Amino acid sequence: MANHKSALKRHRQSLKRRDRNRAAKTQIKNKVKAVRLAVEQKDKEQAVVALRDAVSSLDKAAGKKTVHWRNASRRIGRLQQAVNKLD
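Using our numbering, you'd call the opening residue of the sequence shown number 1 and step up by one each time.
Structure representation (structure tokens):
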């Protein structure tokens with residue numbers, strides 16, 4: 001464990017960020033899963049609503065550097081492709 005005041009603060013901050021990042025990643029996984037489930041069931045309306053939620057979460061996470069922006073962009077693109085094929 002760190003002894004310096006600044007190192008202790010840094011440790012506290014990293015723990016807070018870890019919790020926030022974990023929560024964000026779990027949320028992303030659940031929302032992406034919802035989109036995929038709607039696509040499997042061929043439910044266009046539900047897929048579009050779920051996609052909107054997933055895109056929002058992915059963009060927010062990319063903005064906060066929880067996931068890499070290219071990773072988020074790739075996931076969004078693939079989900080959008082899957083939803084667009086549902087017609």
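Beta carbons are placed, not taken as given, at the ideal position from N, Cα and C, and that holds for glycine. Small disclaimer: the values here were computed from a predicted structure and weren't measured.
Report the three-state DSSP secondary structure of residue i (helix, strand or coil).
i   : result
N71 : helix
Short check: CB of residue i to CB of residue j, under 8 Å?
i   : j   : result
A50 : K31 : yes
V83 : V35 : yes
R70 : L58 : no
L79 : K42 : no
A54 : Q46 : no
H11 : A23 : no
At 4 residues or longer, what runs of the alpha helix (DSSP H) sit wholly inside the segment 6-84?
Qualifying alpha helix (DSSP H) stretches, in chain order: 44-63, 69-84.
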